[in-house]
Amino acid sequence: MAVLVAGGAGYIGSHISIELLNNNKEVVIVDSLMNSNEDVIKNIENITNKKVKFYSLNMINEDELEKVFKDNNIESVIHLAGLKAVGESVKKPLEYYYNNLVITLNLLRIMKKYNCNKFVFSSSATVYGQPKTVPIKEDFPLSTTNPYGTTKLMIERILKDLYNSDNSFRIVMLRYFNPIGAHESGLIGENPNGIPNNLMPYITSVASGKLEVLNIFGNDYNTKDGTGVRDYIHVVDLAKGHIKALEKIEKDDGIFVYNLGSGRGYSVLELVNTFEKVNNVKVNYKFTDRRPGDIAECYADISKAEKELNWKPTKTLEDMCRDSWNFIKNSK
Ligand code: NAD
Ligand code: WQD
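Structure follows, in structure tokens:
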């Protein structure tokens, strides 16, 4: 009996695969490598001293994906595969809707055919749109501001409809806040190609000299120091949340939704200052205009996940900054 990790060569999926292997699960990874590479698979094996079965395939191809279910006894699926860049999704909406929706439909149709009923989905805090208050609870109104976010919301709705039509499915939708950090080995982490969209990879690029200066988007927000506040969570804490989500649907029927964040808000300046301090490096920055679409503050109420999943993040902002930098130094 194996867990299929769709998108398992990616940033978050690779950390989840390690946690699964450490919990003695058999792991099958499917990934097209469109935003990752095969070295990640070797590194997962090196870190855990265990083997994973890897299929390099585009999940748009339903026949190839079905073969994975034919060849293996897949007991549950963690679905992380998808395109994830907010700005790019505005420029290429059809690509985003096509990729993210079709691969999910293919996966669910095949799962139904093979009577595989346990599904954990990577959703995002982006489905809360522009929340009126913080901290954000799971029952807050949902809306989106870009095609990427809309794919997440549409998939959540598809999953609800699927469950309503067939309640043998057991589904967990995990709404991630801002994952950063890396595995403590320094062997896997986040190192996007080109100019990064997200704050932490931008910080590491400036610290390593790849980029000259970090533009801090706005210092006139109504926050503790004027810069945007977000809920950064260590990717290893996030990965452990998936183990708990699987345990939940191993014992309980239903469809569930949980926020996964640290439950705390940190400003851009707090993150930059902590990064500089724990790593003893300089991050040049300047203040620029606000980024269109950004909100002042976004952080999670994580009490539902703490209570129902018996999960609690344990890593500090210092750990996140140290591990992110350790990975980049190691991969130079
Ligand atoms: P990632 O890009 O590192 O991983 C996604 C993986 O999916 C990549 O390895 C990519 O090659 C693969 N993939 C994409 N389309 C595919 C296809 N058609 N067939 C097969 N493989 C395909 O991204 P990540 O940061 O690890 O994010 C994982 C998931 O979590 C995504 O669904 C993302 O939307 C969601 N999420 C991420 C964040 C974040 O800030 N990183 C926040 C909230 C939600
Ligand atoms: C964090 C803070 C920026 C870059 C995005 C997606 C969301 C989710 C996580 C997938 C903000 C500031 C950033 C920079 C900056 N992804 N910033 N200079 O916007 O909270 O969320 O990633 O689901 O859907 O929207 O994350 O890392 O881009 O920004 O000042 O160069 O850093 O303004 O306050 P965000 P982020």
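If you're matching positions, the sequence shown starts at 5 in our numbering and goes up one per residue. Ideal Cβ positions, reconstructed from N, Cα and C, are used throughout, including at glycine. If you're wondering where the values come from, they're calculated on a predicted model, not measured in any experiment.
In terms of CA proximity to Leu-146, Gly-133 leads the group Asn-182, Ile-140 and Gly-133. Gly-297 and Lys-141 have their C-alpha atoms roughly 21 angstroms apart. The DSSP assignment places complete alpha helix (DSSP H) segments of no fewer than 4 residues inside the stretch 228-275 at 239-255, in order along the chain. Shortest gap from the CB of Arg-295 to any heavy atom of the ligand WQD: under 7 angstroms.
Per the DSSP secondary-structure output, Pro-135 pairs with nothing in a beta bridge.
Assignment of beta-bridge partners to Ser-147 by DSSP yields Tyr-132. Three or more Cβ pairs drawn from the stretch 9-23 and the stretch 240-252 lie within less than 8 angstroms of each other, which places the two stretches in contact. Straight across, the Cα-Cα distance linking Glu-160 with Asn-314 is about 23 angstroms. With a threshold of 16 other beta carbon atoms within 10 Å, Thr-137 falls short and is exposed. The beta carbon of Met-324 sits closer than 7 angstroms to those of Ile-184, Gly-185, Tyr-236 and His-238, all from its chain and outside the five residues before and after it, given in chain order. Taking C-alpha positions only, Ser-328 is separated from Asn-201 by approximately 16 angstroms. Here Ile-20 carries a helix assignment [DSSP, helix/strand/coil]. CA-to-CA, the gap between Ser-40 and Asn-150 works out to about 24 angstroms. Rounded to whole angstroms, Met-63 and Asn-168 show a C-alpha spacing of 25 angstroms.
Counting only residues of its own chain and dropping the five nearest sequence neighbours on each side, Ser-189 has a CB closer than 7 angstroms to the CB of Ile-51. Between the stretch 101-108 and the stretch 61-81, the count of Cβ pairs shorter than 8 angstroms is three or higher; the stretches touch. Rounded to whole angstroms, the gap between the alpha carbons of Ser-212 and Lys-164 is 44 angstroms. In this structure, Val-272 places its C-beta atom within 8 angstroms of the C-beta atom of Gly-232. Under the 8 angstroms Cβ criterion, the stretch 277-285 does not count as touching the stretch 219-231, having fewer than three qualifying pairs. Note on geometry: alpha-carbon atoms of Asp-43 and Ala-13 lie some 9 angstroms from one another. The beta carbon of Leu-215 sits closer than 6 angstroms to the beta carbons of Ser-209 from its chain, once the five residues preceding and following it are set aside; these are given in chain order. Taking one beta carbon from each stretch, the stretch 260-270 and the stretch 286-295 have fewer than 3 pairs nearer than 8 angstroms; the two do not touch.
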